[in-house]
Every structure is written in structure tokens, then in C-alpha cells.
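J.: Going by the numbering used here, the first residue of the sequence shown is number 36, and it counts up by one from there. Using N, Cα and C, we set each Cβ at its ideal position, and we do this for glycine too.
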Amino acid sequence: MSDKIIQCCYSNLVSESGASGWQTAAASPEMTLHMLDVYRKQQDANVASQLPLDEKGEPLNMYELVADGEFIYVTRVTYGLEDVRGRKNNMLSHTYLFPASKEVLENPNEFLTVADENFTGDIEKAKQIRTSFVRKAPYTLSSAMEECGLDERKYQNLVYCIQEQKEQKRPVFIRTARGEAVLRPLMFCLLSALPFAQRSEISCASAQVNMNSNRTLIVTSSADPMNLFFDLETGENNILTERSIKKYERLGYLSYFIRNRDRMDGNAYFEKLEEIAIKLGDQKAAKARVLKIAYQMISSASGAETTEEARAKLYEALIAAVQPGVFMDDYIASLLGKINAEEKLLDEVVETELLKKLKEETKSEKLQHEGDIYLVNRILQAGVVKGSVLLRDMKGETFDRIAKALYKRDGGEAILDEYFADCVPQDAKWEEYLTLLDDVSEYCGDHVPKTIGKMEKSCKDRFVYELIVGTDLDQTFQQYVDILRYLDTFSQKQEDCQKKAKEQFWEQWKYTGYNSKRNAFYEKMLLDGNKKSDEAKGLIEGIAFMEKKNLREAYYSVFRFFGRGEKYLSDQEKLHLSQEMKSCKEKYQISFGAKLDEQLELAIWLGNIDFLREVEQYLSLIQDENYAEFQRAYRKNTEAWKNHPKAGKIRVIYNKNLLRQLEQKELMDGMSVDVLLMIGAKQYRNPFEFLDAYEPLFDGIRNLLEEEPEKVVQNSDLLFHEAYADYAEDYLKGEGTNQEVVKEWMTEVKKQTKQRRKDEKAELKAERKAEKKEEKEIEKQNKAEELSAGAKALKKLGGLFGRK
Numbered sequence: 036m037s038d039k040i041i042q043c044c045y046s047n048l049v050s051e052s053g054a055s056g057w058q059t060a061a062a063s064p065e066m067t068l069h070m071l072d073v074y075r076k077q078q079d080a081n082v083a084s085q086l087p088l089d090e091k092g093e094p095l096n097m098y099e100l101v102a103d104g105e106f107i108y109v110t111r112v113t114y115g116l117e118d119v120r121g122r123k124n125n126m127l128s129h130t131y132l133f134p135a136s137k138e139v140l141e142n143p144n145e146f147l148t149v150a151d152e153n154f155t156g157d158i159e160k161a162k163q164i165r166t167s168f169v170r171k172a173p174y175t176l177s178s179a180m181e182e183c184g185l186d187e188r189k190y191q192n193l194v195y196c197i198q199e200q201k202e203q204k205r206p207v208f209i210r211t212a213r214g215e216a217v218l219r220p221l222m223f224c225l226l227s228a229l230p231f232a233q234r235s236e237i238s239c240a241s242a243q244v245n246m247n248s249n250r251t252l253i254v255t256s257s258a259d260p261m262n263l264f265f266d267l268e269t270g271e272n273n274i275l276t277e278r279s280i281k282k283y284e285r286l287g288y289l290s291y292f293i294r295n296r297d298r299m300d301g302n303a304y305f306e307k308l309e310e311i312a313i314k315l316g317d318q319k320a321a322k323a324r325v326l327k328i329a330y331q332m333i334s335s336a337s338g339a340e341t342t343e344e345a346r347a348k349l350y351e352a353l354i355a356a357v358q359p360g361v362f363m364d365d366y367i368a369s370l371l372g373k374i375n376a377e378e379k380l381l382d383e384v385v386e387t388e389l390l391k392k393l394k395e396e397t398k399s400e401k402l403q404h405e406g407d408i409y410l411v412n413r414i415l416q417a418g419v420v421k422g423s424v425l426l427r428d429m430k431g432e433t434f435d436r437i438a439k440a441l442y443k444r445d446g447g448e449a450i451l452d453e454y455f456a457d458c459v460p461q462d463a464k465w466e467e468y469l470t471l472l473d474d475v476s477e478y479c480g481d482h483v484p485k486t487i488g489k490m491e492k493s494c495k496d497r498f499v500y501e502l503i504v505g506t507d508l509d510q511t512f513q514q515y516v517d518i519l520r521y522l523d524t525f526s527q528k529q530e531d532c533q534k535k536a537k538e539q540f541w542e543q544w545k546y547t548g549y550n551s552k553r554n555a556f557y558e559k560m561l562l563d564g565n566k567k568s569d570e571a572k573g574l575i576e577g578i579a580f581m582e583k584k585n586l587r588e589a590y591y592s593v594f595r596f597f598g599r600g601e602k603y604l605s606d607q608e609k610l611h612l613s614q615e616m617k618s619c620k621e622k623y624q625i626s627f628g629a630k631l632d633e634q635l636e637l638a639i640w641l642g643n644i645d646f647l648r649e650v651e652q653y654l655s656l657i658q659d660e661n662y663a664e665f666q667r668a669y670r671k672n673t674e675a676w677k678n679h680p681k682a683g684k685i686r687v688i689y690n691k692n693l694l695r696q697l698e699q700k701e702l703m704d705g706m707s708v709d710v711l712l713m714i715g716a717k718q719y720r721n722p723f724e725f726l727d728a729y730e731p732l733f734d735g736i737r738n739l740l741e742e743e744p745e746k747v748v749q750n751s752d753l754l755f756h757e758a759y760a761d762y763a764e765d766y767l768k769g770e771g772t773n774q775e776v777v778k779e780w781m782t783e784v785k786k787q788t789k790q791r792r793k794d795e796k797a798e799l800k801a802e803r804k805a806e807k808k809e810e811k812e813i814e815k816q817n818k819a820e821e822l823s824a825g826a827k828a829l830k831k832l833g834g835l836f837g838r839k
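1) With hydrogens ignored, establish whether the beta-carbon of ARG695 is closer than 8 Å to any heavy atom of the ligand FMN.
2) Nearest to ALA216 by alpha carbon, out of PRO744, ASN295, ALA240?
3) Taking contact to mean 3 or more Cβ pairs, one atom from each stretch, closer than 8 Å, check whether the region 599-609 and the region 578-591 are in contact.
4) Roughly how many angstroms lie between the CA atoms of PHE525 and HIS482, to the nearest whole one?
5) Could you check which residue in LYS789, ARG75, GLN203, GLY121 has the C-alpha nearest to that of THR130?
6) Could you pull the DSSP bridge partners for PRO744 from this structure?
7) In terms of alpha-carbon separation, which member of ASP704, TYR759, ASP761 lies closest to GLU742?
8) Here's the rule I'm using: 16 or more other beta-carbon atoms within 10 Å means buried, otherwise exposed. How should MET70 be labelled?
9) Report the rounded CA-to-CA distance for TYR762 versus VAL784, giving the unit in angstroms.
10) Put TYR719 into one of helix, strand or coil per three-state DSSP.
11) Which full runs of the alpha helix (DSSP H) of 4+ residues lie inside the region 759-835, going along the chain?
12) Which term fits GLY735, buried or exposed, when burial requires 16 or more other beta carbons within 10 angstroms of its beta carbon?
13) So, does the region 766-776 touch the region 808-822, judging by three or more C-beta pairs under 8 Å?
14) In chain order, which beta strand (DSSP E) runs of at least 3 residues are fully inside the region 178-249?
15) Would you mind listing the alpha helix (DSSP H) stretches within the region 50-138 that are 4+ residues and don't spill past its ends, in chain order?
16) Please determine if the region 248-268 and the region 153-173 are in contact, where contact requires at least 3 C-beta pairs separated by less than 8 Å.
17) Report the residue ranges of all beta strand (DSSP E) runs contained in full by the region 320-371; include only those spanning at least 3 residues, in chain order.
18) Please check the pair ILE293 and VAL207, which I expect to be a contact at CB under 8 Å, by giving their CB distance rounded to whole angstroms.
19) So for LEU48, helix, strand or coil by DSSP?
20) So VAL777 and TYR766 are supposed to be a Cβ contact under 8 Å. How far apart are they, rounded?
21) Would you list, in sequence order, the uninterrupted beta strand (DSSP E) runs of no fewer than 3 residues that lie entirely inside the region 680-705?
22) At what residues does the alpha helix (DSSP H) containing VAL420 begin and finish?
23) Determine the DSSP secondary structure at PHE265, reduced to helix, strand or coil.
24) Give me the Cβ distance between LYS545 and LEU519, rounded to the nearest whole Å; I'm assuming they're in contact under 8 Å.
25) Which residues in the same chain as LEU370 place their Cβ atom closer than 6 Å to its Cβ, once the five residues preceding and following it in sequence are excluded?
26) Using only CA atoms, which one of GLU651, THR155, ASP473 lies nearest to THR113?
27) Less than 9 Å separating the beta-carbons of THR148 and ILE209?
28) For VAL459, does the three-state DSSP call read helix, strand or coil?
29) Alpha carbon to alpha carbon, how far is ARG324 from SER337? Give it in angstroms, no decimals.
30) Counting C-beta neighbours from all protein chains within 10 Å, is the total for SER227 16 or more, i.e. buried, or is it exposed?
31) May I ask you to report which of helix, strand or coil DSSP gives VAL384?
32) By Cβ distance below 7 Å, which residues in the same chain neighbour ALA417 in space, the five residues on each side in sequence not counted?
33) What first and last residue would you give for the beta strand (DSSP E) that runs through VAL483?
34) With contact counted as at least three CB pairs below 8 Å, one residue from each stretch, are the region 135-143 and the region 86-97 in contact?
35) Looking at the unbroken alpha helix (DSSP H) that takes in THR255, where does it start and where does it end?
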């Protein structure tokens, strides 16, 4: 034990200039200005405004130990000394300084065994600097614990209390009846259980004076419950909670030492912790989280931990605020290796941190290797679809390594197939498709049925798209055939791929995309036996005949095409094709004639429906004003195609053509509005909406709407029906364009209904009057008959009397 002594004193003294004040004195030559300044500030806190007394009522003689990271200050403060004026309010702090070096901190006896005989309350005696110390017997951990009355549980809780004090920055009051006697052995116990960095910052005092509340612990016989306290006899304290105990237990490195203190070299253990903590970037080895990781590294070196323990340590390592590097990454790799050995996965929280780590650049080959194994296991256990999504997040060299590793594992090919299927572009150049196929070949050969299938579909879509918007259709066709030969592993024949290209062309064929300017290429695409090709053949050949001005063949080809087209052509397609034909006729300056054009128009829109016969029947019934029979016939004929997929569209065309015929035959003039309402009831939710929709198309409807309401209503039966009155009421609540007209009609209906009721009432009254008159006549006649019968009876009676 070295006795190289550095000392200093602090007291209220008279300077050489004659001025008195608090100042340092008896300082060793080694004391620098900085050391003196630090010391002066420390002792200023011990200057009391009133004389401090001990528990016996005597002036206090306080023992104090302060470590500030550079030096350890061991001090005796003697109070009640006389100042220059003879007042007993002076003090003398006599302090010995020890460097806070590891050698000193490893052996707390270096400063804890300095006996009280080495201190003095006389400044003159203090100036006689010692060359050696009078020392107490050195402590051992077991002897110090015994002297303090600490068992393992109290020892552990005391250490935890000191950790909590560090966070709360309030002193811990050690409650004991033995006073200062336990302070040195207590400090020995604490210093033995703490990392070196924390040892270099701990402090204590045998009493509380003024501002020395910044001490780590203070010995007292009775602690204010408002302060933090620890009862040395019972272990009772108001510092630790169940939660905080668990927190410090999770640190591991403190409880490990306490449990194994008799079986280990404590200094060697804390040196190892410090060495690892410094490698982890904590140059002072003072951060609890870093020391925790260091401890876990030490404990993991034994290899005895379970998978769950490795998982918990892995999470701590991943979130630790440590300096990144190979050392830390290798440790993470060792923990991850234990997880991988059982092909287990981490929970979501830990895995999220691991994935962040694996995305960082690392020079640790071990971490890269174990990381790749984990990522492969993660992908395989996620299943095909989710696994491919996980693979999609990987880029560059990581993807290259993982994809190649997956290919070698059972189930990996299916995931790669799913992944590359998702990579198939929706719209790309042929060169891009070929590049993707090269990648597929590199990572998983040709065992990718889903990728090939999706590629075929995408390329087919691209093929059809380019045929619609491209310019060199023959080149497009050949490029597609070439990629089909690449995709098709069963047939490499040119003619087979051409047939397949044509089949796929017709699978995607849309009449709305038909372009008469491309008709020559469509002829090349015709494929005998293909349903769509056979259906479109009439159209394609008909347009070709138009170009050749062969009107007869052109007409019959397109007429047959549209006549059969009712089964597969939509209204939109019919409209588009009719416009294409019109442009062709204009381009080639040809015409089929008005009658044939009209028949072709009906064929386009109504296919095989016998519309002409039905129209003749309607015209006859309307001309005869047989509206009830018209309604029956109309309902029967339209019922025939009410379940047609395009029934709504057909009804519109059907009605337009019927109205067109009525207008051409001038049958709308004087026609009952009931005809329009009957038709409208079939086409619209509210039949009055039919008038709004068709008025702009037909003059006859417009004329009917302009007729006098009286005439319209007189010529209608439906307007008087309750259901149509309700329709009219709903219509008037909306925003119809003919609301004023309908309103006038319904007003007239009310007027005529009122008149009808009045007429019916008058008629009923006349009938009753006639009935009464008839009753009187009958009564008069009956009386006359009765009188005549009486006269006859008297006459007969008189004859009887005369004979007597």
C-alpha cells in the first residue's frame, strides 16, 4: 500500500495581508490551482451558518469521502473552532487526496483504512505533512459485510438503492444506531460491487451539513421519511419498488457479482466488463445499458444459455446504444446463430430491430452469414405468397445471396417462382421481358410455372396492345412469336408458336378495338376453327370486299355478320363497327342504297328480332286507336327478350325505331299520350321521364307536348288512373324538363274529373227523377185499375139484386 501523501486544509484564516476569510492552507506541493479550486468549492458546502452538533450535543467532527472522477477526497471536518475574533464558529477541513486510478479503486483499503489519528483540528499540526499513514486493519468483503450486518439480500438491495440514487440525484440516508463506525466498511462493500467508473464518483458523509446533500449516502440514526433512507439493521427502505428491483435485476452484472462474490475475483470481473464496454464505445465504461451488454457477452461465452435467453439478449444487443463495429456484430451473430440452430423465428419486436441491423453495412462475416440464414428461414416459414413479399424487400447483393440460398432449400423454388411472377411487368418492351427471363434462369432455372404463366399473359397483353397502337404489325407479331418460343419449353416449332400467337390474339380480340385501316393484318390473323376468328371473318372479309368495291359480297358478308352478332356484340361494339363501316364507305366512295342501309341498320342493332312485322301490327292498332290491344301486343313482344343480357339497350333501340316509324307514318298527330306512357312505363321507373328523354329526338312528341292540355287529357285514359297520378306527383317533385306541361295535364285531369263527377251526379239526379216519375205513373195506373175493378164488382152485384 503506497503512502505517498497529498493533503490540503480549509478554514477561516488570516492571510499574510491581514485579511481574514475562508481559504485553503497546508496544501501539498502537488496541489495544482485546479485541484485547489475544486477542493475549495467542495468545502464551501461544509461551511455552516450555525454550529453543527453531533447526537451528544458536542461540536460535530464529520467524516466525509468524495470521489469526483479524478481524485478521492477523504476528509475530517472539525467544527466549533475559534475564529480570529475568538468565536467558536470556525471549522477546519483536513483532507487527504488519492488519485481515482484503477489501482486505487481496485483496492478501496487504500483510502478507507486511513485512521482518524491522521487527521487534526489544528492548522499548525496539519502543516506538518505526514510521510506515512496510521492505518486501520484492511477490510475484506466478508468482514465488511459482517461488520455492517449485511446479508446477501440486504447487500443487493443496498447496491440497487445506490443505483436509484444516481437516477434521482438525492442522497440515501443510512439509518443505523452504530453511526460513523459502519461508514467505512459500508463503503468497502459498495465499492466492491460497483463498476470502476461508478466507484470513482461515489461519496458519503457521517452527517448532513448545509449543502452536502449531494453526497451519495449519509449516515444517520433517524431518517426523515421524506428523504430516501435505507435501514441497515432491517433492510427497510423507501427507495426500491418491485418494478425498480426487476429493472436492476435485468442489468445482470450487479446481481451476478453479489451472488458469486465468494467464488470469483471481483476486480478481474469488473475489469473484463470495462474492457468490453470500452470496445462497445463507452470509453468511461459507465453506461448501465452498455455494461449490461458487456455482462451478457461474458455470460454468453459459456454457451449454456437457452434459446429464449439468447433471444432476450439479442433484443438487448440490437437496441443497445453502443458503437457499431465487428466486435458487437460478431456477438449479435453468435446469439442469432443459436436461434438459427433451431430454425426458430423471433417475435415481431425483436425481428424488426434485427431487420434494421441487417440492412446496415457490416464488416462482420459472421453476422452476414447468420443474418442470411435467418432471412431464408423467415421467408420459408412465411409461406409462398408472404415469403415472396419478404424477398421483394431485398436488394442488390443481399437479394443475390438470399435467392441463391433459397433455391437450395425445400420450398424455395415455389417462393422464387412467386417472386419472379410478381416481377413480371404489366407493360414493357420485349427486351425487358427477355432480361427478366435471364434473371429467372440464373436463380431458379425453368421450374417457375407461375412466372411463365404470368409472363405469357403479360406478353400477350403487350402483343395485343402493340397491335392496336403500333405501326409495324408484322414485326410486332414476329417479336411475340420469338418470345413465345423462349417461354414454351415443350415446342420450339415456328408454326406452333405462330398458331399460339394467333389463338392468343383472338382470345383478347375486342370489336371496340377494330380498326378498318388494319383490316389487311386481321386477314392474316384469321384462324380456321377458332370461334372468334370465325365470328369476325364476315366483318373482316366484308371490309376487304368494300376496298375491292365488290358491293354484293361486301353487303352479304357484313349483313350475315351482324345478323348473327346479336349473340356476341354489345351496343358499344355495334356502334363502333357501324362507324367503321361508314368511314369505309366514305373512304371507298360506295353505297348500298337507302333500303339496304336501313335493313343493315336493323340487323346491326336488333339482329334476328322480327321487328318489321311487329311494327306493322303496332301501326295498325294505333291507327285504329285500339290502345288497349296495342299495350297487350307491345307487352307480349317485348317479353320475348326481357331476359336478354342487353335487354335495356335493346328496349331503347326498339322504342326509338318504333317511334321513328310512327313519326314517318305521321301517326303521332292526334295519337293518345297513353302510347308514350305505355312505352315509357317499360323503359323508365317513372314513365313521364320517357317524355324528357325522347322529346329532343322526335318532333311528334314535341308537338304532343305543345297541344292544349284539354285535348291531351280528353284523349287519355291512363292520366286518370291512380298509379299514373302517383307517377306524375313524383315526377313533379324532381327536375324534369316538362314539369310545367305535366302539371297542366294533371290540373286538367282534376278539372275534368270534377266535371265528370258533376255530370255523373246530374245524370244520377236525372235518373232518380225519372225513376220517381215512373213510380208515380205506375201508382196512378194501379189506382185506376183498382177503381175499374171496383166498378165492375158493383155492377155485378147490382145485377144480382135485380134478378131477385
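T.: A quick look at the data gives this:
1) Inclusion of the ligand FMN in the displayed structure is not the case, the ligand content being empty and no account of it being possible.
2) ALA240
3) no
4) Low confidence applies to PHE525: its pLDDT is 47, below 50, so where it sits in the model is not reliable enough to give any reading.
5) ARG75
6) Paired residues: none, contrary to the question.
7) ASP704
8) buried
9) 14 Å
10) coil
11) none
12) buried
13) no
14) 207-210, 238-240
15) 68-79
16) no
17) none
18) Rounded, the Cβ-Cβ distance is 17 Å, inconsistent with contact.
19) strand
20) 6 Å
21) none
22) 419-427
23) strand
24) With 8 Å as the limit, LYS545 and LEU519 do not qualify as a contact, their Cβ atoms being about 21 Å apart.
25) ALA345, LYS348, LEU349
26) THR155
27) no
28) coil
29) 21 Å
30) buried
31) helix
32) LEU425
33) Where VAL483 is concerned, there is no enclosing beta strand (DSSP E), given that its DSSP letter is neither H nor E.
34) no
35) Note, THR255: premise wrong, no alpha helix (DSSP H); beta strand (DSSP E) at 252-255.
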